[in-house]
Every structure is written in C-alpha cells, then in structure tokens.
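**Student:**
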C-alpha cells in the first residue's frame, strides 16, 4: 500500500531536520529499561544525548509523532518513545518506488 502524497510530505518534512534524524538514530540504538522491557528512550534520555533543551526535544518528538515515525507509551511518570519501524519501512519502500 502506497502512502498518500500528504502523508509522504509529512514524513519527509519530519526527517528533513538533522536533529530529528539524530533522534531517530538514537531511538534505533535504544536499550532496555531496568525491568528488561524494550520501551525506547524517555525525553530526558534524548535530551542528554542530543544536548538540546527539553522544549526543543518536545517539539521534535511532536513532529515525529504526528508523522507517525515514532510511538509514545506512558509508563508511570515517564513517556517512553520508540521508532515505528513499520512506518519507517513503508517510507523506505515509497522512496524506492518514487525515486
């Protein structure tokens, strides 16, 4: 199934920013939390890796989430982010077909 032009544009705009690409890379390299469950990274983890302010990280995460490239899960007080691998694979396929 191919992406609509609007959806493709939203995803491409999301990855156009170098900081957001770095966030996606950091999420790809994520580890497991203390209970051994893969949950991704919380905003403070991303903040410390990226050396960006919390509001800037929140903005980037919002853009990536709206584009469907990341997912967020609330566990206790923290929101954990992880890549939406299916959406990233679909974007890769779409780019291969269009370019």
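In the numbering used here, the protein residues as written are 10 to 108.
In this text, a Cβ means the ideal position worked out from N, Cα and C, and glycines have one as well.
What you are looking at is a predicted structure, and each value in this text was computed from that prediction instead of being measured.
Using C-beta distances below 7 Å, list every residue in its chain close to residue 67, excluding the 5 sequence neighbours before and after it, in chain order.
**Tutor:** 52, listed in sequence order.
**Student:** Quick one: Cα of residue 24 to Cα of residue 49, how far?
**Tutor:** Taking the straight line from one Cα to the other gives about 19 Å.
**Student:** What are the boundary residues of the alpha helix (DSSP H) that includes residue 81?
**Tutor:** Run containing residue 81: none in the alpha helix (DSSP H); it sits in the beta strand (DSSP E), 79-84.
**Student:** List the endpoints of the continuous alpha helix (DSSP H) containing residue 58.
**Tutor:** Per DSSP, residue 58 belongs to the alpha helix (DSSP H) from 52-59.
**Student:** Checking 8 Å against the spacing of the C-beta atoms, do residue 72 and residue 39 come in under that value?
**Tutor:** Going by C-beta atoms, residue 72 is not nearer than 8 Å to residue 39.
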